[in-house]
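Participant: My structure is below; once you've seen it, I'll send some questions.
In our numbering, the protein residues as written are 1 to 142.
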């Protein structure tokens with residue numbers, strides 16, 4: 001199975017982020033603009049959290065808070081799980097499943113180098129299984 005660095009080679013290493021003191025409303029706008037479900041919360045080059053649509057739904061909407069008056073730092077996950085470029089895709093899937101998260105920042109030498117989502121991981125597994133099936137079919141049919 002492939003590693004995270006292979007996923008980033010194919011998908012790219014674009015990082016969508018936001019500062020912790022920005023209103024949640026701006027974070028939701030950026031997520032919609034970029035078609036993503038989460039943003040890294042960065043203070044300069046330092047990863048300080050992850051904010052997701054799930055955080056918004058549970059910590060703003062359900063609690064009746066104001067999107068324009070609540071800051072990202074108030075609702076973000078402040079100790080995000082991270083993986084390195086050499087982490088195996090299956091290990092990432094296990095981490096996402098066990099931790100009930102959908103986004104993993106990729107960190108190398110204390111620097112964020114990308115983000116992978118559960119969707120990226122599922123696609124990688126499906127592609128690997130399709131390749132394995134193709135190899136087995138060629139082997140069987142000679």
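Note that beta-carbon positions come from the ideal geometry of N, C-alpha and C, so glycine has one too. No experiment lies behind these values; they were computed from the predicted model shown.
Which residue from 54, 71 and 66 puts its Cα closest to that of residue 102?
Facilitator: 54
Participant: Could you please give the first and the last residue of the uninterrupted alpha helix (DSSP H) stretch that includes residue 69?
Facilitator: Taken as a continuous stretch (DSSP letters only), residue 69 belongs to no alpha helix (DSSP H), as it is neither H nor E.
Participant: Taking the alpha carbon of residue 12 as the reference point, which residue from 112, 137 and 130 has its own alpha carbon closest?
Facilitator: 112
Participant: Suppose you measure from the CA of residue 32 to the CA of residue 130; what does that come to, to the nearest Å?
Facilitator: 32 Å
Participant: Between residue 83 and residue 24, which are expected to be in contact by the criterion C-beta below 8 Å, what is the C-beta distance as a whole number of angstroms?
Facilitator: Wrong, their Cβ atoms sit about 26 Å apart, outside the cutoff.
Participant: Cα-Cα, which of 133, 5, 116 and 110 is closest to residue 96?
Facilitator: 116
Participant: Could I get the ranges of all uninterrupted beta strand (DSSP E) runs contained in the segment 73–135, with 3 residues as the minimum, in chain order?
Facilitator: 103–108 and 111–117
Participant: DSSP has residue 18 in a bridge; who is on the other side?
Facilitator: 41
Participant: Nearest to residue 45 by CA position, among 141, 140, 109 and 139, is which residue?
Facilitator: 109
Participant: Compare the Cα-Cα distances from residue 57 to each of 98, 37, 48 and 8 and report the closest residue.
Facilitator: 37
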